[in-house]
Structures are given as C-alpha cells and as structure tokens.
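Asks: Submitted below is the structure of interest, expressed as structure tokens.
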C-alpha cells in the first residue's frame, strides 16, 4: 500500500479543472484537465495522519487526497461531494495502490442537502473543504459541529478565503473550541462543548465585538458604508440618532416606534 510520504510527494491528479474567470489558474490549465493543485495542504494531511486510525469515524465535505488518506488510515469515513466522477477517480487510485475502500461511504450530493439528513453522530474528526462561497463553510460547520463528539476535531481548509478565515476566527474566540493546529492553509480546532452553534450573538465574542450595538469601530464602518452607497438620508438620520443616543449609551440600538 502507498505510504503517507509517497502520497505527499506525488499527490494524484484527481480534480477536473473548472476555470474561474480572473484567476491566474485560468491560464495554467485547460478546462477538464486533471490537476492536484486543489489538494489539502500537507500540514493538514499530516494532522489527519496523526489523529486518525482504524477505530476513527470521520466525515468530510469535499473530496480528494484527503479522502485517499482517510482510506489509508482505515477510518470509517463519510465523504459528501456532488461529483461522482471525482469519487470514481479516488476509488480507482486507491485500488491501484492497494488502499482498501470498503470503509468509505460517498454521498453524491451537495452538503447542504446531505448533512441535515445524516443520522450518524459521534464523529472523531470532520474536514470542511467543500464549496467555499458564503455561506457554505458556515453551513457545513453548523451541521458537523453537532455531529462531532466532545474531544473531536474539525479542520477548516483554505484560510486564504475570507469565508473560511472568518469561520476560523470566530471559533478561536469561543470557549467551546480550542485551536490546536494552524498553518498557512488551514487550522484544526478541538471541540470542548456544544454551546457555540446554539448561542445568541451577545454570547459569541467575535460577533459581539463586530456588532454596532457594542463596537465603536462597527458604528464607523456602518456610516462609511452608507456613504459608499450614497444613502445620505439614512446617514444623516443615523448621525442624528448617534448624537441623541450617545448620552444614554444606546447608539447602535434601533429606534423604537410609537406604540
């Protein structure tokens, strides 16, 4: 069977390239060309290698080299990805290199449809590496957070994408999540409790500090955005409200209508 070192040194080309206008990759690859550029970073693959074994129950959104590694580790693994040809290439690579696939379960549909229906619980590790547009990483995390056992890990990949970075930043300030690994590409957090996904915003430090009700910087940012949108009437009324409310310490609350 292929080793982890061999997988890292020569990762398989599993993903069919889909051009994204305005990116440098558009000039590097032809549409449909198989590439290995979109694989999970080595640091996160090594984290999986160190924290997953044949007794582990794992789940990921997205698929690729990480799926091969989960199979290599012998984990009971659930992979959610709406790309059947990709899963077929993964299985073919595994079989060609002596990696058992009998403990892999593929769910071929978008994660926002699959996760709410999934009845499995007590996962040891979850990898969020599916679609990266807002709000997808947040949706994936919201569902897998409940499915993870206390003491389990969630890996968030592609921190260079604002959505993924924001999710990671939010969790690092939560008492129910402990940042245990961080690299340029991704991070891993250990689950300590079930509060975060059920808390209201005043109990989420990252959200609270960025809300106009509590943050002076957020108030200024809001006023700046009103000017950018040329909403001068609302800008003027908001400034008036700010002056009136500052003395009472209530700037940021919505003015109450008459009853």
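Residue numbers (the working numbering): 1 to 259.
Each residue gets a CB set at the ideal place from its N, CA and C atoms; glycine is no exception.
If you're wondering where the values come from, they're calculated on a predicted model, not measured in any experiment.
By the DSSP assignment, the alpha helix (DSSP H) with residue 95 in it spans what residues?
Replies: Segment 84 to 96, the alpha helix (DSSP H) holding residue 95.
Asks: Report the residue ranges of all alpha helix (DSSP H) runs contained in full by the stretch 213 to 253; include only those spanning at least 4 residues, in chain order.
Replies: Entirely contained in the stretch 213 to 253, the alpha helix (DSSP H) runs reaching 4 residues are, in chain order, 216 to 228, 232 to 246.
Asks: For the stretch 141 to 148 against the stretch 6 to 17, do three or more pairs of beta-carbon atoms, one drawn from each stretch, fall closer than 8 Å, so that the two count as touching?
Replies: No, the stretch 141 to 148 is not in contact with the stretch 6 to 17.
Asks: Put residue 256 into one of helix, strand or coil per three-state DSSP.
Replies: Low confidence applies here, because residue 256 scores a pLDDT of 48, under 50, leaving its location unreliable and the question unanswered by this model.
Asks: Do residue 126 and residue 154 have their C-beta atoms closer together than 9 Å?
Replies: It is a contact, given that the beta carbons lie within the stated cut-off.
Asks: Return the chain-ordered ranges of every alpha helix (DSSP H) run that is complete within the stretch 139 to 208 and spans a minimum of 4 residues.
Replies: Counting only runs of 4 or more, we get 162 to 172.
Asks: Compute the beta-carbon to beta-carbon distance between residue 78 and residue 107, rounded to the nearest angstrom, for a pair I have assumed lies under 8 Å.
Replies: With a Cβ gap of about 7 Å, residue 78 and residue 107 count as contacting.
Asks: Whether or not the stretch 58 to 67 and the stretch 129 to 137 are in contact is what I'm after, with contact meaning three or more pairs of Cβ atoms, one per stretch, closer than 8 Å; do they touch?
Replies: Judged by Cβ distances under 8 Å, the stretch 129 to 137 makes contact with the stretch 58 to 67, as three or more pairs qualify.
Asks: Which stretch, first to last residue, makes up the alpha helix (DSSP H) that contains residue 67?
Replies: First-last of the alpha helix (DSSP H) with residue 67: 65 to 72.
Asks: For residue 102, does the count of other Cβ atoms within 10 angstroms reach 16, so buried, or fall short, so exposed?
Replies: Counting Cβ neighbours within 10 Å, residue 102 comes out exposed, since fewer than 16 surround it.
Asks: Inspect the beta-carbon positions of residue 120 and residue 80 and report whether they are closer than 9 Å.
Replies: Going by C-beta atoms, residue 120 is not nearer than 9 Å to residue 80.
Asks: In chain order, what residues of the same chain lie with their CB nearer than 7 Å to the CB of residue 212, ignoring the 5 residues before and after it?
Replies: Excluding residues within five positions, the ones whose Cβ falls inside 7 Å are 218, 219, 222, 252.
Asks: CA-CA distance, residue 52 and residue 110?
Replies: In a straight line, the C-alpha of residue 52 is about 25 Å away from that of residue 110.
Asks: Got a sec, what are the start and stop residues for the beta strand (DSSP E) residue 125 sits in?
Replies: Residue 125 -> beta strand (DSSP E) spans 123 to 128.
Asks: Quick one: is residue 89 buried, meaning 16 or more other Cβ sit within 10 Å of its Cβ, or exposed?
Replies: Buried is the call here.
Asks: Check the DSSP bridge columns for residue 60 and list the partner residues they point to.
Replies: DSSP, once it has assigned bridges, lists 79, 127 as partnering residue 60.
Asks: By Cβ distance, which residues of its chain are closer than 8 Å to residue 257, with the 5 residues on each side in sequence left out?
Replies: The predicted position of residue 257 is uncertain, since its pLDDT is 45 and thus under 50; no value can be drawn from it.
Asks: For residue 54, tell me which candidate among 38, 30, 100 has the shortest Cα-Cα distance.
Replies: Cα-wise, what sits closest to residue 54 is 100.
Asks: Just to confirm the assignment, what range does the alpha helix (DSSP H) spanning residue 48 have?
Replies: Taken as a continuous stretch (DSSP letters only), the alpha helix (DSSP H) holding residue 48 covers 42 to 51.
Asks: To the nearest angstrom, how far is it from the Cα of residue 183 to the Cα of residue 137?
Replies: In a straight line, the C-alpha of residue 183 is about 18 Å away from that of residue 137.
Asks: Please work out which residues of its chain come closer than 8 Å, Cβ to Cβ, to residue 86, disregarding the five sequence neighbours upstream and downstream, and give them in chain order.
Replies: Result list for residue 86: 14, 15, 16, 63, 64, in chain order.
Asks: If you count every other CB in all the chains shown that lies within 10 Å of the CB of residue 177, and 16 or more means buried, which is it?
Replies: That one is buried.
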